[in-house]
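Okay, so here's the structure we're looking at.
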Amino acid sequence: MKKIVFSLLSFLMFSLVLLAKDIDESQVPKAVKDYVTKNYPNAVDKEWKYKDKDNTFYYYKVEFEVEGREVELELESNGKLISSKEELHIKDTPSFAKDYIKTNYPNATILGTKKKVERGVTTYDVGIVFNNHYGNIRHRNIYFDTKGNVMKQ
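This note's numbering applies: residue 12 is where the sequence shown begins, and numbers increase by one.
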């Protein structure tokens, strides 16, 4: 029991160390705003956050919508992308993912796809729903690299 309490307290302390603070767009460096404007010119409803760790700058985070899709970016103050998560329209799910699902989960329906980029590595997270051989409804996320290899299910 002591280990559980200690683990919980440690987690809470770590969570407090890395905090996101809502900020106004006027407080965001030009390079960061330029990256968003250049790569997502139709972005709407931008929400900016500043993340720090021990009162030292960590990164800027922005969440917004583009054509009904949610996008989340983490950027350094010089405008360099750290990571991104971008919802795709189901029709834009990569064909290799659709083919894999059709072959391995013939009765599945794609619920959504997210394209993730972290440290220059792109992956796709495809959520599906299907009935297993007992007739029970199951949800699964299947992760692909850009070559169509399944990374995990």
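Just so it is clear, CB atoms sit at the ideal spot from N, CA and C, and this is done for glycine as well.
Nearest to Gln164 by C-alpha distance, out of Glu81, Asp136, Lys32, Gly123, is Asp136.
The Cβ atoms of Ile93 and Glu85 sit closer than 8 Å to each other.
A direct Cα-to-Cα measurement between Asn115 and Lys64 gives close to 44 Å.
In the DSSP assignment, no residue is bridged to Leu122. Partner residues in the beta bridge of Ile148, as assigned by DSSP, are Asn142. Going by DSSP, Ile112 is part of the alpha helix (DSSP H) stretching over 106 to 115. Three or more pairs of CB atoms, one per stretch, sit closer than 8 Å, so the region 89 to 108 contacts the region 125 to 143.
Between Ile101 and Ile139, the CB-CB gap reaches or exceeds 8 Å. Distance from Phe141 to Ala119 at the Cβ level is roughly 4 Å; contact confirmed, criterion being Cβ atoms closer than 8 Å. Remark: C-beta atoms of Phe75 and Ser88 do not approach each other more closely than 8 Å. Closest option to Gly159, judged by alpha-carbon separation, among His150, Lys72, Leu122, Phe107: Phe107. Taken through DSSP and simplified to helix, strand or coil, Val39 comes out as coil. Linking Gly90 to Ile121 through their CA atoms gives a straight-line distance of about 34 Å.
Counting along the chain, Ile93 sits inside the beta strand (DSSP E) bounded by residues 92 to 99.
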